[in-house]
Amino acid sequence: MSAPTVLALSGGVGGAKLALGLMHTLPPENLTVVANTGDDFTHLGLRICPDIDTVVYTLSDLADKDRGWGRAGESWNFMAALGRLGGEDWFNLGDGDMAMHVFRTQALAEGRTLSEVTAEIAETLGIGPRILPMTDETVATVVESANGDLPFQHYFVRDRCEPAVTGFRFTGIADAKANAEMMTLINGSHLDSIVVTPSNPFVSIDPILSLPGVRDALNAQTSPIIAVSPIVGGQAIKGPAAKMMAELGLPSTALAVAEHYRGLIDGIVIDEVDNEQAEDIAALGMEVRVAQTVMRTLEDRKDLARICCAFATEIGS
Ligand code: FO1
Numbered sequence: 018m019s020a021p022t023v024l025a026l027s028g029g030v031g032g033a034k035l036a037l038g039l040m041h042t043l044p045p046e047n048l049t050v051v052a053n054t055g056d057d058f059t060h061l062g063l064r065i066c067p068d069i070d071t072v073v074y075t076l077s078d079l080a081d082k083d084r085g086w087g088r089a090g091e092s093w094n095f096m097a098a099l100g101r102l103g104g105e106d107w108f109n110l111g112d113g114d115m116a117m118h119v120f121r122t123q124a125l126a127e128g129r130t131l132s133e134v135t136a137e138i139a140e141t142l143g144i145g146p147r148i149l150p151m152t153d154e155t156v157a158t159v160v161e162s163a164n165g166d167l168p169f170q171h172y173f174v175r176d177r178c179e180p181a182v183t184g185f186r187f188t189g190i191a192d193a194k195a196n197a198e199m200m201t202l203i204n205g206s207h208l209d210s211i212v213v214t215p216s217n218p219f220v221s222i223d224p225i226l227s228l229p230g231v232r233d234a235l236n237a238q239t240s241p242i243i244a245v246s247p248i249v250g251g252q253a254i255k256g257p258a259a260k261m262m263a264e265l266g267l268p269s270t271a272l273a274v275a276e277h278y279r280g281l282i283d284g285i286v287i288d289e290v291d292n293e294q295a296e297d298i299a300a301l302g303m304e305v306r307v308a309q310t311v312m313r314t315l316e317d318r319k320d321l322a323r324i325c326c327a328f329a330t331e332i333g334s
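Numbered according to the numbering used here, the sequence shown spans residues 18 to 334.
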């Protein structure tokens, strides 16, 4: 049997880990990773695209695996110098990472699109699979909170996710055009599955799904859509997903994640520790696969990627 063709929808760390597993499992031409750009912002005059960069650094083996963002072996001279000048130093830009932001900002200023510059960077770094920004237009996630509306990185980094969230909105989304290559893939007949990676459903995956036409196109196409729950044992592996769910009045469970994606996905992979939720999730009208989903090692990432592909194949057959 030939290898499946997969479209992965990704935010930052969790999504990038599964994308790496998929990269090691599939021929490069069979994998496309769409990255959320709702976290993007302009800071110190530079266009910063955290989720694209986390995917790029992870797939090129440049990522700092412990920190989850930025590059391994980073130095911080720029930040120290900026701090001494009294500059805005709450968002940490490593010296090597700065090259990425400067390179991208210059390319965008010269008129290239985010898709073009992302493809160029990925090719230069030797990444086989395609990495697509969800859109070339500016979409900005706004966190609605007890402290008022906060631009995403102010909430996430500056305020350390402390404000209680009440909702989210994605400014610019109504006028943004979903990535054309992504839409061609979804509307075409070559995809074997769509994998919603274990990224934050509210601020990483929902921006992609909220782009005009994306949800309708996903619903109209026939290949299986599966998600991997980012909630394991009531906790998010990384990031504020569980805290957000509690603040939104939702239980922090894999079941609540399945409910969030109900109507979109055909199946969900949940962790072994959440096994007892499988029956309730199946009652929502979707397939459930129970597996070891915590990706500590490269082997874990590859195992989960293989499980996702096999699960989607089973659903599709
Ligand atoms: N996350 C942090 O928690 N603190 C930082 O100072 C920080 C800097 C940073 C710089 C470049 C980059 O690409 C990502 C960075 N991140 C940082 C991560 C990022 O803000 C979030 O992980 C994502 O937006 C959520 O997916």
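Note that the Cβ used here is the ideal one computed from N, Cα and C, for glycine as well.
Buried versus exposed, by CB contacts within 10 Å (16 or more), residue 322
The residue given as residue 322 occupies position 305 in the sequence shown. Result: buried.
Legend entry - Candidates 153, 62 and 161, of which the one nearest residue 119 by Cα: As a working note, residue 119 is residue 102 in the sequence shown. Ranking 153, 62 and 161 by Cα distance to residue 119 puts 62 first.
DSSP three-state assignment for residue 60, whether helix, strand or coil:
Counted from its first residue, the sequence shown places residue 60 at position 43. Note: residue 60 maps to strand in three-state DSSP.
Exercise for the section: Measure the CB-CB distance between residue 253 and residue 244 and report whether it falls below 7 Å. Expected result: For the purposes of this step, residue 253 is identified with residue 236 of the sequence shown, where counting begins at 1. For the purposes of this step, residue 244 is identified with residue 227 of the sequence shown, where counting begins at 1. Not closer than 7 Å, so no.
Item to complete: Please list, in chain order, all residues of the same chain as residue 306 whose beta carbon is under 6 Å from its beta carbon, the five residues on each side excluded.
Response: On the sequence shown, residue 306 is found 289 positions in, with the first residue counted as 1. Closer than 6 Å at Cβ, skipping near neighbours: 286 and 328.
From 121, 202 and 93, pick the residue whose C-alpha is nearest to that of residue 113; which is it? Translated into positions along the sequence shown, residue 113 becomes position 96. Closest option to residue 113, Cα to Cα, is 93.
For the segment 200–215 against the segment 161–179, do three or more pairs of beta-carbon atoms, one drawn from each stretch, fall closer than 8 Å, so that the two count as touching?
Judged by pairs of C-beta atoms under 8 Å, the segment 200–215 does not touch the segment 161–179, as fewer than three such pairs exist.
Can you tell me which residues form a DSSP beta bridge with residue 288? Here residue 288 is taken as the residue at index 271 of the sequence shown, counted from 1. According to DSSP, residue 288 bridges with 308.
Using a Cβ-Cβ cut-off of 7 Å (strictly less than) and excluding sequence neighbours within five positions of residue 180, which residues of its own chain qualify?
The residue you call residue 180 lines up with position 163 of the sequence shown. Excluding residues within five positions, the ones whose Cβ falls inside 7 Å are 162, 163, 164, 167 and 172.
Self-check item: Residue from 67, 150 and 133 with nearest C-alpha to residue 110
Solution: Along the sequence shown, read from residue 1 onward, the residue named residue 110 stands at position 93. Selected option, being the one with the closest Cα: 67.
Terminal residues of the continuous alpha helix (DSSP H) containing residue 120? The residue you call residue 120 lines up with position 103 of the sequence shown. That run of the alpha helix (DSSP H) goes 112–126.
Report task. In the DSSP assignment, find the alpha helix (DSSP H) that holds residue 73 and state where it starts and stops. Result -> Residue 73 sits at position 56 when you count from the first residue of the sequence shown. For residue 73, the uninterrupted alpha helix (DSSP H) segment begins and ends at 67–76.
Worksheet item: Where does residue 227 fall in DSSP's three states?
Response: As a first step, residue 227 is located in the sequence shown; it is residue number 210 there, counting from the start. Helix at residue 227.
Does DSSP put residue 330 in a helix, a strand or coil?
The residue labelled residue 330 in the question sits at position 313 within the sequence shown. Correct three-state label for residue 330: helix.
Top-ranked residue by Cα proximity to residue 215, from 302, 19, 268 and 31: Along the sequence shown, read from residue 1 onward, the residue named residue 215 stands at position 198. For the residues 302, 19, 268 and 31, the minimum Cα distance to residue 215 belongs to 31.
If you draw a straight line from the C-alpha of residue 101 to the C-alpha of residue 24, how long is it? Here residue 101 refers to the residue found at position 84 when the sequence shown is read from its first residue. Here residue 24 refers to the residue found at position 7 when the sequence shown is read from its first residue. Looking at the two C-alpha atoms, the distance is approximately 45 Å.
Report task. Just confirm the distance between the C-beta atoms of residue 149 and residue 193, as a whole number of angstroms; I'd bet it's less than 8 Å. Result -> For the purposes of this step, residue 149 is identified with residue 132 of the sequence shown, where counting begins at 1. For the purposes of this step, residue 193 is identified with residue 176 of the sequence shown, where counting begins at 1. With a Cβ gap of about 14 Å, residue 149 and residue 193 do not count as contacting.
Measuring alpha carbon to alpha carbon, tell me which of 34, 142 and 218 ends up nearest residue 269.
The residue labelled residue 269 in the question sits at position 252 within the sequence shown. If we check each option's Cα against that of residue 269, 218 comes out closest.
For ligand 1, is there a heavy atom less than 6 Å away from the beta-carbon of residue 94? As a working note, residue 94 is residue 77 in the sequence shown. For residue 94, the shortest C-beta to heavy atom distance toward ligand 1 is 6 Å or greater.
*asked:* Spatial neighbours of residue 185 within its chain, please: C-beta separation below 8 Å, excluding the five flanking residues on both sides.
replied: To locate residue 185, count along the sequence shown from 1; it is residue 168. So the list reads 158, 159, 160, 161, 219, 220 and 223, once near-sequence residues are dropped.
On the criterion of 16 or more Cβ atoms from any shown chain inside 10 Å, does residue 177 qualify as buried, or is it exposed? Position 160 of the sequence shown, counting from 1, holds the residue named residue 177. With fewer than 16 other Cβ atoms within 10 Å, it is exposed.
In the DSSP assignment, what residue or residues form a beta bridge with residue 50?
Mapped onto the sequence shown, residue 50 falls at position 33. The partner list for residue 50 (beta bridge, DSSP) reads 25 and 148.
Whether or not the segment 286–305 and the segment 233–251 are in contact is what I'm after, with contact meaning three or more pairs of Cβ atoms, one per stretch, closer than 8 Å; do they touch? yes
TODO: Report yes or no: do three or more beta-carbon pairs, one from the segment 26–42 and one from the segment 68–77, lie closer than 8 Å?
DONE: yes
To which residues of the same chain is residue 86 closer than 6 Å at the C-beta, ignoring the five residues directly before and after it?
-> Position 69 of the sequence shown holds residue 86. The residues 71, in chain order, have a CB closer than 6 Å to that of residue 86 in the same chain once the five nearest residues on each side in sequence are set aside.
Alpha carbon to alpha carbon, what distance is there between residue 278 and residue 300? Here residue 300 corresponds to residue number 283 of the sequence shown, with the count starting at 1. Here residue 278 corresponds to residue number 261 of the sequence shown, with the count starting at 1. C-alpha separation (whole angstroms): 14 Å.
Buried versus exposed, by CB contacts within 10 Å (16 or more), residue 147
Taking the first residue of the sequence shown as 1, we reach residue 147 at position 130. Buried, because 16 or more other Cβ atoms sit within 10 Å of the Cβ of residue 147.
Start and end of the beta strand (DSSP E) containing residue 183? In the sequence shown, residue 183 corresponds to position 166, counting from 1. 182–188 is the extent of the beta strand (DSSP E) around residue 183.
Quiz item: Shortest alpha-carbon distance to residue 64 belongs to which of 90, 103, 104 and 156?
Solution: Start at 1 with the first residue of the sequence shown, and residue 64 comes out as number 47. With distances taken between Cα atoms, residue 64 lies closest to 156.
I need the boundaries of the alpha helix (DSSP H) containing residue 298, first residue and last residue.
As a position in the sequence shown, residue 298 is number 281, starting the count at 1. Looking at the DSSP string, the run of the alpha helix (DSSP H) that includes residue 298 is 295–299.
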